[in-house]
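Number of protein chains: 2
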Amino acid sequence: MGKKNKQFVEKVTAMEDDFAQWYTDVVKQAELVDYGPVRGTMIIKPYGYAIWENIRDEIDHRIKETGHQNVSFPMFIPESLLQKEKDHIEGFAPEVAWVTHGGEEELQERLVVRPTSEVLFCEYYSKNIHSYRDLPMLYNQWANVVRWEKTTRPFLRSLEFHWQEGHTAHATQEDAEQETNRMLDMYASVCEEILAIPVLKGRKTDKEKFAGAEYTLTIESLMHDGKALQSGTSHYFGTGFADAFDIRYLDKEGKQQLVHQTSWGITTRIIGALIMVHGDNRGLVVPPRMAPTQAMIVPIAQHKEGVLDKAYELRDRLKKIARVDIDASDKMPGWKFNEYEMKGIPIRIEMGPKDIENNQVVLARRDTGEKEFVALEDLELRLPALLEEIQKDLFDKALAHREEMTSVAKTMDEFGEILESKGGFIKAMWCGDEACEDKIKEEFSATSRCIPFEQEKVSETCVCCGKPAKELVYWGKAY
Amino acid sequence: MGKKNKQFVEKVTAMEDDFAQWYTDVVKQAELVDYGPVRGTMIIKPYGYAIWENIRDEIDHRIKETGHQNVSFPMFIPESLLQKEKDHIEGFAPEVAWVTHGGEEELQERLVVRPTSEVLFCEYYSKNIHSYRDLPMLYNQWANVVRWEKTTRPFLRSLEFHWQEGHTAHATQEDAEQETNRMLDMYASVCEEILAIPVLKGRKTDKEKFAGAEYTLTIESLMHDGKALQSGTSHYFGTGFADAFDIRYLDKEGKQQLVHQTSWGITTRIIGALIMVHGDNRGLVVPPRMAPTQAMIVPIAQHKEGVLDKAYELRDRLKKIARVDIDASDKMPGWKFNEYEMKGIPIRIEMGPKDIENNQVVLARRDTGEKEFVALEDLELRLPALLEEIQKDLFDKALAHREEMTSVAKTMDEFGEILESKGGFIKAMWCGDEACEDKIKEEFSATSRCIPFEQEKVSETCVCCGKPAKELVYWGKAY
Chain R
548 MGKKNKQFVE KVTAMEDDFA QWYTDVVKQA ELVDYGPVRG TMIIKPYGYA IWENIRDEID
608 HRIKETGHQN VSFPMFIPES LLQKEKDHIE GFAPEVAWVT HGGEEELQER LVVRPTSEVL
668 FCEYYSKNIH SYRDLPMLYN QWANVVRWEK TTRPFLRSLE FHWQEGHTAH ATQEDAEQET
728 NRMLDMYASV CEEILAIPVL KGRKTDKEKF AGAEYTLTIE SLMHDGKALQ SGTSHYFGTG
788 FADAFDIRYL DKEGKQQLVH QTSWGITTRI IGALIMVHGD NRGLVVPPRM APTQAMIVPI
848 AQHKEGVLDK AYELRDRLKK IARVDIDASD KMPGWKFNEY EMKGIPIRIE MGPKDIENNQ
908 VVLARRDTGE KEFVALEDLE LRLPALLEEI QKDLFDKALA HREEMTSVAK TMDEFGEILE
968 SKGGFIKAMW CGDEACEDKI KEEFSATSRC IPFEQEKVSE TCVCCGKPAK ELVYWGKAY
Chain Y
548 MGKKNKQFVE KVTAMEDDFA QWYTDVVKQA ELVDYGPVRG TMIIKPYGYA IWENIRDEID
608 HRIKETGHQN VSFPMFIPES LLQKEKDHIE GFAPEVAWVT HGGEEELQER LVVRPTSEVL
668 FCEYYSKNIH SYRDLPMLYN QWANVVRWEK TTRPFLRSLE FHWQEGHTAH ATQEDAEQET
728 NRMLDMYASV CEEILAIPVL KGRKTDKEKF AGAEYTLTIE SLMHDGKALQ SGTSHYFGTG
788 FADAFDIRYL DKEGKQQLVH QTSWGITTRI IGALIMVHGD NRGLVVPPRM APTQAMIVPI
848 AQHKEGVLDK AYELRDRLKK IARVDIDASD KMPGWKFNEY EMKGIPIRIE MGPKDIENNQ
908 VVLARRDTGE KEFVALEDLE LRLPALLEEI QKDLFDKALA HREEMTSVAK TMDEFGEILE
968 SKGGFIKAMW CGDEACEDKI KEEFSATSRC IPFEQEKVSE TCVCCGKPAK ELVYWGKAY
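Residue numbers (our numbering), protein chains in the order written: chain R, 548 to 1026; chain Y, 548 to 1026.
Written out as structure tokens, the structure is:
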């Protein structure tokens, strides 16, 4: 038959022993993804997709609230169109999938499966923007894109992934730059307030910016193993694409002007961050505000008379105030405990014959393992309050970890020692010369993560070349 | 510059003169879509996408309510995987897009951009279904798919389109057949109750069924020009795919059994139906229950003191009971009237200085053009009631049209005359022989639309060959 027996929940590899294996174990055992038949592609399973839907909905309503409109552009890009902006094609050509045949015929022009959609939006804008009255044009789409990566990992780097990509056109540089910042702030607030992931806001160096952008803003987060993860980016294009695609508008004085553009995106990668920021050796930990199930009722000794009735009654009552579910299957309670710990459900509600007698339940926190007895009549107050406490504690814990893992280096020796001994973010001054960035990458496999908005002067000279420093940069190894 | 001035709302071609051109005009001028750079692809613009989001949300919550879970499978299918089920590959191979290169390398095996995802789900099910406890497995995904069509039209037939595809696996034939019917009923209720489109429910003939299905259930609707449109399908696969992919489970008695499968889908095509069922010579008509904007406030003489304040106040008040928006731009009211008529917004609310004086507004219906004065204080009652009246009237009108356009034919002569003179659905008896279907298609370019669940005996003999009739079939020309 070639069939294995259904897997029972197994322990995951300890993160201290092998972080990469821990990640793979959690992704698999929390039932987030499975591998697709094509190398590097992923099947997002129901629980993983429910998490993505919640993140998506949080972002989508903020995108709409700020006046943007959702659209849907096609996934195929003619080769000649991709080539219109020089830097852009250079950045993306090596990693795209090519469609060469349609039906039984060879195509006259090859098509690219979109790795990103700037050129499609630009082509549209060049035809649909005429006057200052048409601006700003604030479009967004939720889409799948393909990048032909050599090494892949679920969520973090996959051949195909899901994202939203905003593409906007503005009359002035000021408007476009405001937009670039506004959307970065939006990403930061979703990460911090909903996903409980603290982020650093800053600008990418020219070496690390998006292909075709004038500059790229980024939010960077720190994983449990001390590696950084770029968690969302917002690009200011100036008039570069507008010039290449001839996107002009008639201003109030009747003069033709080039538009100023932005684009910004956040992807399913953020689920990777979620796993690596909050997870532990018992599996995933999901922050309450975005958890598909916030509390799971596990009846104890459910064969005893009245237990299941009471448990269902409780579920119906609590459903009105939180996303509460019940597992009344015939598995053993201990088996259920393991499963929902692995899935990171914030609270487990235990209810057995003794609890019913005493008019109480047990609330068990996933993150700390703490348990408390709560009187039935207090649950409408206590459950939401506990969910918010967990949300806050997860953020605080992640922030404390980031602070602990952020160091200052003034010399290359210090830089190397810190990376070797603890990793994390390294704050070090930079002269602004790409040669120093290259050298740091070569010596330490660390990259500039961002030039933070909040600047400090931790020394006078560039950590690499010793010349006068221009600005503070956060460095680190990254996913 | 190569730029045209912004187009003002133009009249659409009368549908009596050229229905196809009328359709293209409406799609374009109601700002639903634009053409993508690759032949046959479409850009769904904000208004078109808002309509799709509303349809999607209505269907999505029904899918979840009935116990299904959303997932996301990759878009690439290895050629060898597509070939596993013989009928399936025969049906789809001629119309797929082929990826042959990734990055700078030629692939060892060509990939298909999914035209539908049966084989991907089957491959997954074969690995993940082990015991009767795993069943039913009720998955759904919202996705884009590609079919390399020769002739294309926005929404109706495009190279790439959006849809949801449900894929389920069940322990027994009975369960799977119930599912097939349940999802068809779900589609029918969304079409009738939300889109105000009456549908016929029935089974496809073997000639018209899905490639790989044991049978296909369908809902069929009738367009304004008398042509039919297949509006949603639900397929019962029996154990055909399970056999090809070795999808087995251990039953309660410990025996290996094949699963019984279904799949079901509804696509962006349904927006084409919406246009062609309700639209008129002034443009689109959108049923209130799914309209992104249900009522648009157009201030009259808005430069006069107090008008705009009152209009915004009204918008804020009515927003609580319906999807109400305001157009306070400096365009002329007549221009706005045209625009929102073209877009099919169900109700226009006019408010000018005189109305304010009289404590009233004008409600103008898009569908009938009727206007009524309503006292301001009555709006909380009248507006929702009028929206529901419009919803009901649209359905009734479409149903009356379908009934008027449904005829009985007992001979091939009658069949031809009816098709020639009025089109529509033709009810005619059939012997069950595919040769008769072929002949009808050849002579009249009409196809069997469905074998309706509600059977009648309109004559004793097959309309084509004169042999004893087996069942009643609805026939027609179709999109």
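Cβ coordinates follow ideal geometry from the N, Cα and C atoms, glycine included.
Bear in mind the structure is a predicted one, so any value in this text is a computation, not a measurement.
Under 7 Å from the C-beta of residue i: neighbouring residues of chain Y
i: LYS592/R; result: VAL618
i: LEU658/R; result: VAL585
i: LEU941/R; result: Ordered by position in chain Y, no residue passes the 7 Å Cβ test against LEU941/R, which lies about 26 Å from the chain.
Of the residues the options, the one placed nearest residue i, counting alpha carbons only
i: GLY826/Y; options: MET770/Y, PHE788/Y, LEU865/Y, LYS866/Y; result: MET770/Y
i: ARG996/R; options: LYS754/R, THR915/R, LEU706/R; result: LYS754/R
i: LYS883/R; options: ILE868/R, LYS901/R, PRO846/R, ASP863/R; result: PRO846/R
i: PRO839/Y; options: GLU605/Y, THR571/Y, MET562/Y, ALA758/Y; result: GLU605/Y
i: GLU1003/Y; options: GLY1013/Y, LYS611/Y, ALA975/Y; result: ALA975/Y
i: ARG870/R; options: THR815/R, THR953/R, TYR1021/R, ILE896/R; result: ILE896/R
i: LYS878/Y; options: GLN907/Y, ASN728/Y, ALA848/Y; result: ALA848/Y
i: TYR1026/R; options: THR958/R, ASP772/R, LYS674/R; result: ASP772/R
i: GLY819/R; options: PHE788/R, ILE844/R, GLN777/R; result: GLN777/R
i: GLU800/R; options: LEU831/R, PRO662/R, ALA718/R; result: ALA718/R
i: ALA567/Y; options: ASP940/Y, ASN828/Y, HIS948/Y, GLU904/Y; result: ASN828/Y
i: LEU933/Y; options: GLU919/Y, LYS944/Y, LEU946/Y; result: GLU919/Y
Neighbour flag for residue i against chain Y, beta carbons, 8 Å
i: PRO900/R; result: no
i: PHE784/R; result: no
i: GLY759/R; result: no
i: LEU821/R; result: no
i: GLU726/R; result: no
i: LEU861/R; result: no
Under 8 Å from the C-beta of residue i: neighbouring residues of chain Y
i: PRO701/R; result: The contacting residues do not exist; PRO701/R stays about 12 Å from chain Y at best.
Pairwise C-alpha distance: residue j and residue i
i: GLY812/R; j: ILE766/R; result: 11 Å
i: SER678/Y; j: ILE794/Y; result: 11 Å
i: ARG864/Y; j: ILE873/Y; result: 12 Å
i: SER627/Y; j: THR809/R; result: 42 Å
i: LYS817/Y; j: PHE1000/Y; result: In the sequence under discussion, the amino acid at residue 817/Y is Ile, which differs from the Lys named in the question. Roughly 22 Å separates the two Cα atoms.
i: ALA775/Y; j: PHE972/Y; result: 7 Å
i: VAL660/Y; j: LEU861/R; result: 47 Å
i: ASP790/Y; j: LEU805/Y; result: 7 Å
i: TRP645/Y; j: TRP710/Y; result: 20 Å
i: LEU747/Y; j: GLU981/Y; result: 22 Å
i: GLU936/Y; j: GLU927/Y; result: 15 Å
i: GLU1015/Y; j: GLU761/Y; result: According to the sequence displayed, residue 1015/Y carries Pro and not Glu. Near 25 Å, if we compare the C-alpha coordinates of GLU761/Y and PRO1015/Y.
i: ARG836/R; j: GLN938/R; result: 7 Å
i: TYR796/R; j: PRO593/Y; result: 20 Å
Residue-chain proximity (residue i, chain R), Cβ-Cβ < 8 Å
i: VAL833/Y; result: no
i: GLU632/Y; result: no
i: TRP882/Y; result: no
i: ASN691/Y; result: yes
i: TYR734/Y; result: no
i: TRP695/Y; result: yes
i: LYS550/Y; result: At LYS550/Y, the pLDDT of 38 sits below 50, so the modelled position is not reliable and the matter cannot be decided from this model.
i: LEU628/Y; result: yes
Partner residues on chain R for residue i, Cβ-Cβ distance less than 7 Å
i: TYR596/Y; result: ASN617, VAL618, SER619
Amino acids of chain Y, ordered along the chain, whose beta-carbon sits closer than 9 Å to that of residue i
i: PRO520/R; result: The first residue shown for chain R is 548 and the last is 1026, placing residue 520/R beyond what the model contains.
Chain-ordered neighbours of residue i on chain R, where CB pairs are closer than 8 Å
i: THR589/Y; result: Here residue 589/Y is Met; the residue named in the question, Thr, does not match the sequence. PRO621, listed in chain order.
i: HIS948/Y; result: Per Cβ cutoff of 8 Å: no residues; HIS948/Y is ~31 Å from chain R at best.
i: GLU670/Y; result: PRO584
i: LEU747/Y; result: Here the premise fails: no neighbours, minimum Cβ distance about 30 Å.
Contacts that residue i makes with chain R (C-beta to C-beta distance below 9 Å)
i: LEU667/Y; result: GLY583, PRO584, ILE590
Residues, ordered as in the chain, of the region 600 to 615 of chain R that lie near chain Y by beta-carbon distance below 8 Å: GLU600
Residues of the region 563 to 582 of chain R whose Cβ lies closer than 7 Å to any Cβ of chain Y, in chain order: ASP581
Proximal residues, the region 635 to 652 of chain R versus chain Y, C-beta separation under 9 Å: ALA640, PRO641, GLU642, VAL643, ALA644, TRP645, VAL646, THR647, HIS648, GLY649, GLY650, GLU651, GLU652
The region 917 to 937 of chain R: positions lying closer than 8 Å to chain Y by Cβ: none
Selection of the region 704 to 716 of chain Y by Cβ proximity to chain R, strictly under 8 Å: LEU706, GLU707, HIS709
Under 7 Å (Cβ pairs) to chain Y, residues found in the region 796 to 819 of chain R: GLN803
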